[in-house]
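Peer 1: Dropping the structure in here first, questions after.
2 protein chains.
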Amino acid sequence: MATNLGPEKGYLRIATEEAFASTDLFPQYRKLFEQGDIKASDPGFGSLWGHYLFSESERAVAIRNKITDLDEMRIADMNATGIDIQVISLTSPGVQVFDAATANAVARDANDQLADAVKRHPDRFVGLAAAAPQDPQSAARELDRAVNELGLRGFILNSHTFGEYFSDQKFWPIFEACESLGVPVYLHPNTPPPGMIEPFKEVGLDGAVLGFGVETGLHLLRIITSGAFDRFPNLQIVVGHCGEALPFWMFRIDYMHAAMVKAGRHPQIKALRQKPSDYLKTNVYITTSGMSWEPVVQFVRDVVGADRVMYSMDYPYQFVAEEVDMYDNMSMRRDELKQFYQTNAERAFGFKAPSGE
Amino acid sequence: MATNLGPEKGYLRIATEEAFASTDLFPQYRKLFEQGDIKASDPGFGSLWGHYLFSESERAVAIRNKITDLDEMRIADMNATGIDIQVISLTSPGVQVFDAATANAVARDANDQLADAVKRHPDRFVGLAAAAPQDPQSAARELDRAVNELGLRGFILNSHTFGEYFSDQKFWPIFEACESLGVPVYLHPNTPPPGMIEPFKEVGLDGAVLGFGVETGLHLLRIITSGAFDRFPNLQIVVGHCGEALPFWMFRIDYMHAAMVKAGRHPQIKALRQKPSDYLKTNVYITTSGMSWEPVVQFVRDVVGADRVMYSMDYPYQFVAEEVDMYDNMSMRRDELKQFYQTNAERAFGFKAPSGE
Chain B
2 MATNLGPEKG
12 YLRIATEEAF
22 ASTDLFPQYR
32 KLFEQGDIKA
42 SDPGFGSLWG
52 HYLFSESERA
62 VAIRNKITDL
72 DEMRIADMNA
82 TGIDIQVISL
92 TSPGVQVFDA
102 ATANAVARDA
112 NDQLADAVKR
122 HPDRFVGLAA
132 AAPQDPQSAA
142 RELDRAVNEL
152 GLRGFILNSH
162 TFGEYFSDQK
172 FWPIFEACES
182 LGVPVYLHPN
192 TPPPGMIEPF
202 KEVGLDGAVL
212 GFGVETGLHL
222 LRIITSGAFD
232 RFPNLQIVVG
242 HCGEALPFWM
252 FRIDYMHAAM
262 VKAGRHPQIK
272 ALRQKPSDYL
282 KTNVYITTSG
292 MSWEPVVQFV
302 RDVVGADRVM
312 YSMDYPYQFV
322 AEEVDMYDNM
332 SMRRDELKQF
342 YQTNAERAFG
352 FKAPSGE
Chain Z
2 MATNLGPEKG
12 YLRIATEEAF
22 ASTDLFPQYR
32 KLFEQGDIKA
42 SDPGFGSLWG
52 HYLFSESERA
62 VAIRNKITDL
72 DEMRIADMNA
82 TGIDIQVISL
92 TSPGVQVFDA
102 ATANAVARDA
112 NDQLADAVKR
122 HPDRFVGLAA
132 AAPQDPQSAA
142 RELDRAVNEL
152 GLRGFILNSH
162 TFGEYFSDQK
172 FWPIFEACES
182 LGVPVYLHPN
192 TPPPGMIEPF
202 KEVGLDGAVL
212 GFGVETGLHL
222 LRIITSGAFD
232 RFPNLQIVVG
242 HCGEALPFWM
252 FRIDYMHAAM
262 VKAGRHPQIK
272 ALRQKPSDYL
282 KTNVYITTSG
292 MSWEPVVQFV
302 RDVVGADRVM
312 YSMDYPYQFV
322 AEEVDMYDNM
332 SMRRDELKQF
342 YQTNAERAFG
352 FKAPSGE
């Protein structure tokens, strides 16, 4: 296994979609189940956390143990799998299932805990901030605090919030804050909302096996077609799982979007400054979480550009000791590997790896 | 433009996902709108056919004209775009929005009309049969008639039927009939059902731009994880749009499916004889409808095998005169082009192109 840490190998391995749970998060999630209506009001959350909070399966127990640790266990796992640096964020759906007051409080506390962990392990951890879309103005203020006072380097958005998406302009104060602060939005999967989930959930396909990707790809396309990147041209969104299938669909999306604009078919589909797919090359970074398979990684690098694709593992959900060996041995030059593992992440999140050159 | 027809170029161009509307279909669709409740009971159908039946946009008018023709206009368009043979099927959602009696009658009539057109133009047309999933036993009988008496070469399934999928064993008499008759199921897109469509439709993304692909990819994955291919190992399903993104997701689907089986997370997710992605290589053919973009076509050929990927245009929805030029000039040897354009289709649908070798 490739457990060689440090810059001697020519690059640092930075994993960019890594999860933690703050001390408040699981107790607050359990409260939602104890109140008894969460499985009806949010079947996706009920399916996902009804499993991971309560299952005694080996996988669920391991995830509960690993995800709450920000010290020895996590660093030992990083050392064992060759990860120099984790970019860490609050696990999905974060605070996006709470009332606004709870969401604000849990987000603030999670940001404090994560910033403290980064201070304890400045060479190993970079943190992204949680904030409550339920309250966009407070979220914008919390992001300012998290970046300027705590040193966090982005905003983690766990896809929909009560079935609403950032294509809705009411959320745009958060985009405005991120653009102004010079930090990206990490658009992370969530289970599909009640208005989408049933045909997935009834056969067990609502989670990472398919539903996550569909929900998150839809969210990103909604943001693109809303014109958000024309309004905030310097906004950068990071998206995992090799782009949640949008790189696969690029040609068809462009063709059908243009046809709909021409036919005036839907009031929400309007002309944009660029083709929809162009925004993947100018305003989106793509990470490889859960997709450690060279054909798809190379396909995405080919079609959106190697300067837009970077590594992530999705720890602890995807914790595969041999994973970086596959990546180390991809058909890439050393400088391309450095771009993929290190410099794209440094540029996307605006930090300099402590032991990098 | 590549308008050279005939075998002299080294292959025949067979387009495999081409649509027609029988004389009864649009009048019956209009009835659904006149009855007034279709937009509420099936918002996807309301969105799609509310546009194409009634819009005076250039695109909608052209599609209404072309799709109802099975003679001179269609053949002139084929000649103008270099298509030697069309594999034709009833346009989506076919009969799958009617009550069972109407569906059976419209399907039977459509099959008669299509078989007559094939008899008039035996060198240019191959037909697939419509049948009503609302009545699986009658559908199986109609498929027997369509194949053995009319000479049609497959079953067109326009994805969900009132929100139900062929992962449900109640539909498996139709799979059994297709396997027994030695003809494939063409799994064609439909708009997402009421339980999925809202987050797509509210922003105009429910159609070909994204919703079609999501709905159809989900349907195929539901069929795979249901164990249908273990029950009917010789069943072949043809799917368009370069595989509706399942080739992109192959690695992650396999990984998460195995993790769910191991954790016993969902009763519908069970061990299969093969990995989910293996069925794409043994029981699925993939066509390129609407995806005339070399990077994605080559990616799919690489990951599922060149013997599983074949050409389709999606006439008249995608009617791009220059399209076959792109395909003719892909980085493929002549024998690979023949496989892609001709012999894979001949094998999948079980016919021999009349003017082929």
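Sequence lines, in order, name chains B and Z. Using the numbering used here, the letters of the first sequence correspond one by one to residues 2 to 358. Using the numbering used here, the letters of the second sequence correspond one by one to residues 2 to 358. By construction, the Cβ of each residue, glycine as well, lies at the ideal position given by its N, Cα and C atoms. Predicted, not measured: the structure shown is a model, and the values here were computed from it.
Check the C-beta distance from Z:THR226 over to Z:HIS258 and give it rounded, since I have them as a contact under 8 Å.
Peer 2: So it is a contact: roughly 7 Å between Cβ atoms.
Peer 1: In the stretch 206-279 of chain Z, which residue ranges form an unbroken alpha helix (DSSP H) of at least 4 residues, counting only runs that do not cross its ends?
Peer 2: The qualifying runs are 212-227, 229-232, 242-245 and 247-264.
Peer 1: Find the residues of chain B that neighbour Z:PHE252, judging by a C-beta separation of less than 9 Å, and give them in chain order.
Peer 2: Chain B residues near Z:PHE252: GLY291, MET292, SER293, TRP294, PRO296 and VAL297.
Peer 1: Going by DSSP, which residues form a beta bridge with Z:LEU158?
Peer 2: Looking at the DSSP assignment, Z:LEU158 forms a beta bridge with Z:LEU188.
Peer 1: How should Z:ARG335 be labelled, buried or exposed, when 16 other C-beta atoms within 10 angstroms of its C-beta is the threshold for buried?
Peer 2: Z:ARG335 comes out exposed.
Peer 1: Quick one: measure Cβ to Cβ for Z:VAL239 and Z:ALA349, integer angstroms, because I've assumed they're closer than 8 Å.
Peer 2: Indeed they touch by this definition, with Cβ atoms about 6 Å apart.
Peer 1: Would you report the Cα separation of B:GLY306 and B:LYS282, rounded to the nearest angstrom?
Peer 2: So the two alpha carbons sit approximately 7 Å from each other.
Peer 1: So with Cβ pairs under 8 Å, would you call B:PHE167 a contact of chain Z?
Peer 2: B:PHE167 does not count as touching chain Z.
Peer 1: Using only alpha-carbon positions, find the residue among Z:ALA178, Z:PRO134 and Z:VAL119 that is nearest to Z:VAL96.
Peer 2: Cα-wise, what sits closest to Z:VAL96 is Z:PRO134.
Peer 1: Any beta carbon of chain B sitting closer than 8 Å to that of Z:ALA209?
Peer 2: Closer than 8 Å: yes.
Peer 1: Closest to Z:MET251 by CA distance: which of Z:LEU219, Z:MET197 and Z:THR92 is it?
Peer 2: Comparing Cα positions, the closest option is Z:LEU219.
Peer 1: For Z:ASN80 and Z:PRO123, I'd like the C-alpha separation in whole angstroms.
Peer 2: Computed Cα separation, rounded: 15 Å.
Peer 1: Where does Z:ILE89 fall in DSSP's three states?
Peer 2: Z:ILE89: strand per DSSP, three-state reduction.
Peer 1: How about B:GLY244 and B:ILE287: are their beta carbons less than 8 Å apart?
Peer 2: Yes.
Peer 1: Straight-line CA distance for Z:GLN29 to Z:PHE99?
Peer 2: Going from the Cα of Z:GLN29 to the Cα of Z:PHE99 covers about 9 Å.
Peer 1: Please confirm if B:HIS267 has its CB atom under 8 Å from at least one CB of chain Z.
Peer 2: Closer than 8 Å to some Cβ of chain Z, the Cβ of B:HIS267 qualifies, so yes.
Peer 1: Using three-state DSSP, classify Z:MET333 as helix, strand or coil.
Peer 2: Here Z:MET333 sits in coil by DSSP.
Peer 1: Can you name the residues of chain Z whose CB is closer than 7 Å to the CB of B:ALA260?
Peer 2: Ordered by position in chain Z, the residues that pass the 7 Å Cβ test against B:ALA260 are ARG60.
Peer 1: Is B:SER56 close to chain Z, meaning its C-beta is less than 8 Å from at least one C-beta of that chain?
Peer 2: At least one chain Z Cβ lies under 8 Å of B:SER56.
Peer 1: Please classify B:ARG223: is it buried, with 16 or more other beta-carbons within 10 angstroms of its beta-carbon, or exposed?
Peer 2: Flag for B:ARG223 reads buried.
Peer 1: Are the C-beta of B:LYS282 and some C-beta of chain Z separated by less than 8 Å?
Peer 2: No, because no Cβ of chain Z sits closer than 8 Å to the Cβ of B:LYS282.
Peer 1: Going by DSSP, name the residue or residues bridged to Z:MET311.
Peer 2: DSSP output for Z:MET311 lists Z:THR288 as bridge partner(s).
Peer 1: Which two residues bound the contiguous beta strand (DSSP E) that contains Z:VAL96?
Peer 2: Neither: Z:VAL96 is in no beta strand (DSSP E) and is coded neither H nor E.
Peer 1: Z:LEU6: which of Z:LYS353, Z:GLY208, Z:SER56 and Z:ILE84 sits nearest, CA to CA?
Peer 2: Looking at the Cα atoms, Z:ILE84 is the closest of the given residues.
Peer 1: Taking only the alpha-carbon atoms, compute the straight-line gap between B:THR92 and B:ILE254 and give it to the nearest angstrom.
Peer 2: In a straight line, the C-alpha of B:THR92 is about 30 Å away from that of B:ILE254.
Peer 1: Span of the alpha helix (DSSP H) holding Z:GLU57?
Peer 2: From DSSP, Z:GLU57 is part of no alpha helix (DSSP H); its letter is neither H nor E.
Peer 1: In or out: Z:LYS202 buried (at least 16 other Cβ within 10 Å) or exposed?
Peer 2: With 16 or more Cβ atoms within 10 Å of its Cβ, Z:LYS202 is classed as buried.
Peer 1: Report the residue from Z:GLU73, Z:ALA264, Z:PHE300 and Z:GLN275 whose alpha carbon sits nearest the alpha carbon of Z:PHE249.
Peer 2: Nearest of Z:GLU73, Z:ALA264, Z:PHE300 and Z:GLN275 to Z:PHE249, Cα basis: Z:PHE300.
Peer 1: Kindly indicate which three-state DSSP category B:ARG14 falls into: helix, strand or coil?
Peer 2: Three-state DSSP puts B:ARG14 in coil, outside helix and strand.
Peer 1: Note down, in chain order, each residue of its chain lying with its Cβ closer than 7 Å to the Cβ of Z:GLN362, except the 5 sequence neighbours on either side.
Peer 2: Given that chain Z is displayed from residue 2 to residue 358, the structure contains no residue 362 of chain Z and the question cannot be resolved.
Peer 1: Report yes if the CB atom of B:ALA132 is closer than 8 Å to the CB atom of B:ILE175, and no otherwise.
Peer 2: Yes, they are a contact pair.
Peer 1: Please tell me whether Z:LYS263 has its Cβ less than 8 Å away from any Cβ of chain B.
Peer 2: Judged by the 8 Å Cβ criterion, Z:LYS263 is in contact with chain B.
Peer 1: Please name the residue in B:ALA209, B:ARG266 and B:HIS242 whose C-alpha comes closest to that of Z:GLU57.
Peer 2: Checked all of B:ALA209, B:ARG266 and B:HIS242; the closest Cα to Z:GLU57 is B:ARG266.
Peer 1: Starting from B:PHE201, trace the alpha helix (DSSP H) both ways and give me its first and last residue.
Peer 2: It spans 195-202 - the alpha helix (DSSP H) in which B:PHE201 sits, taken as one unbroken run.
Peer 1: Since Z:PHE1 and Z:PRO194 should fall inside the 8 Å C-beta cutoff, what is the C-beta to C-beta distance between them, to a whole number of angstroms?
Peer 2: Since the displayed chain Z opens at 2 and closes at 358, residue 1 of chain Z lies outside it and no answer follows.
Peer 1: Touch check for the stretch 201-217 of chain B and the stretch 33-50 of chain B: three-plus C-beta pairs under 8 Å?
Peer 2: As far as the Cβ criterion goes, the stretch 201-217 of chain B touches the stretch 33-50 of chain B, which means the pair count is three or higher.
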